[in-house]
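Below is one structure, written out as structure tokens, with a few remarks after it.
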Amino acid sequence: MRNLRRQEWANSSNKKRANVLARLQEAHRPEPGELSHFGKKLAEFLATKESVSTGIRLTSGHISDIILEDRKVVIELIFPISIYGDQQQHRLEERYQRLQQELNAAGYRVMIVEDKSNSISNARCKRVYEQLCIFFEDTAKSKTIIS
């Protein structure tokens, strides 16, 4: 399937490719404090197991995605983004490192979930929660998982 998509892309006109890329660049991205479709599903799932809040400003420059207040854990979702070069990768890593330090200083542990899937299933939410349960028992201040 992937090879067929690549061949279709290679055979398409420059105008069609430019149109597709423009639509992708204009795609809806959640605003600060607004959850993605998966984020909403995960928050609903977690609410059946934990006390959940969403979209709260815990640091001066950031609105956190999902907060498990009883456990003092913040779940940050990283959406799939295109990274061009080592410099951009380094800036992104620095940004999340700084955020983790700020949240840790505010008394919260941080789990970062890198969103690498299009799935919005209960099974995926359950897998994330299983990783959270391991994190609850751990003493680490932060953890990153790929979902």
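In my numbering, the protein residues as written are 28 to 174. Glycine included, each C-beta is placed from N, C-alpha and C at the ideal position. Keep in mind that this is a model prediction, so the values were computed, not measured.
Strand pairing of residue i, partner residues [DSSP]
{"i": "Met28", "result": "According to DSSP, Met28 bridges with nothing at all."}
{"i": "Ser78", "result": "Looking at the DSSP assignment, Ser78 forms no beta bridge with any residue, so it has no partner."}
{"i": "Gly103", "result": "Correcting the residue identity first, residue 103 is Glu in this sequence and not Gly. Partner(s): Ile139."}
{"i": "Ile161", "result": "None; Ile161 has no bridge partner."}
{"i": "Pro154", "result": "Checking the sequence, you will find Arg at residue 154 rather than Pro. Note: Arg154 sits in no beta bridge, so no partner."}
{"i": "Arg84", "result": "Ile90"}
Euclidean distance between Cα positions of residue i and residue j
{"i": "Cys152", "j": "Gln114", "result": "32 Å"}
{"i": "Met28", "j": "Ser144", "result": "17 Å"}
{"i": "Ser148", "j": "Ile90", "result": "25 Å"}
{"i": "Lys76", "j": "Ile94", "result": "13 Å"}
{"i": "Ile161", "j": "Ser40", "result": "50 Å"}
{"i": "Gly88", "j": "Arg122", "result": "11 Å"}
{"i": "Ile105", "j": "Asp142", "result": "6 Å"}
{"i": "Leu73", "j": "Arg84", "result": "20 Å"}
{"i": "Glu120", "j": "Ser169", "result": "14 Å"}
{"i": "Glu92", "j": "Asp165", "result": "According to the sequence as given, residue 92 is Asp; it is not Glu. Looking at the two C-alpha atoms, the distance is approximately 21 Å."}
{"i": "Ala133", "j": "Arg154", "result": "27 Å"}
{"i": "Val101", "j": "Ser146", "result": "22 Å"}
Contact belief for residue i with residue j at Cβ below 8 Å, rounded distance in angstroms
{"i": "Leu137", "j": "Glu96", "result": "It is worth fixing the name first, because residue 137 is Val in this sequence and not Leu. At roughly 14 Å, the Cβ-Cβ gap does not stay under 8 Å, so Val137 and Glu96 are not in contact."}
{"i": "Gln158", "j": "Ile172", "result": "5 Å"}
{"i": "Ala70", "j": "Leu62", "result": "6 Å"}
Boundaries of the alpha helix (DSSP H) in which residue i is found, first to last residue
{"i": "Glu61", "result": "Careful: Glu61 lies outside any alpha helix (DSSP H) and carries neither H nor E."}
{"i": "Arg136", "result": "From DSSP, Arg136 is part of no alpha helix (DSSP H) but of the beta strand (DSSP E) over Arg136 to Glu141."}
{"i": "Ile147", "result": "Careful: Ile147 lies outside any alpha helix (DSSP H) and carries neither H nor E."}
Start and end residues, beta strand (DSSP E) containing residue i
{"i": "Lys170", "result": "Ser169 to Ile173"}
{"i": "Asp92", "result": "His89 to Leu95"}
beta-carbon residue i near the ligand SAH non-hydrogen atom, thresh 7 Å
{"i": "Thr86", "result": "Annotation note on the ligand SAH: not contained in the displayed structure, which lists no ligands."}
- Message: I want to know whether the stretch 33 to 46 touches the stretch 117 to 128 - three or more CB-CB distances under 8 Å.
- Response: no
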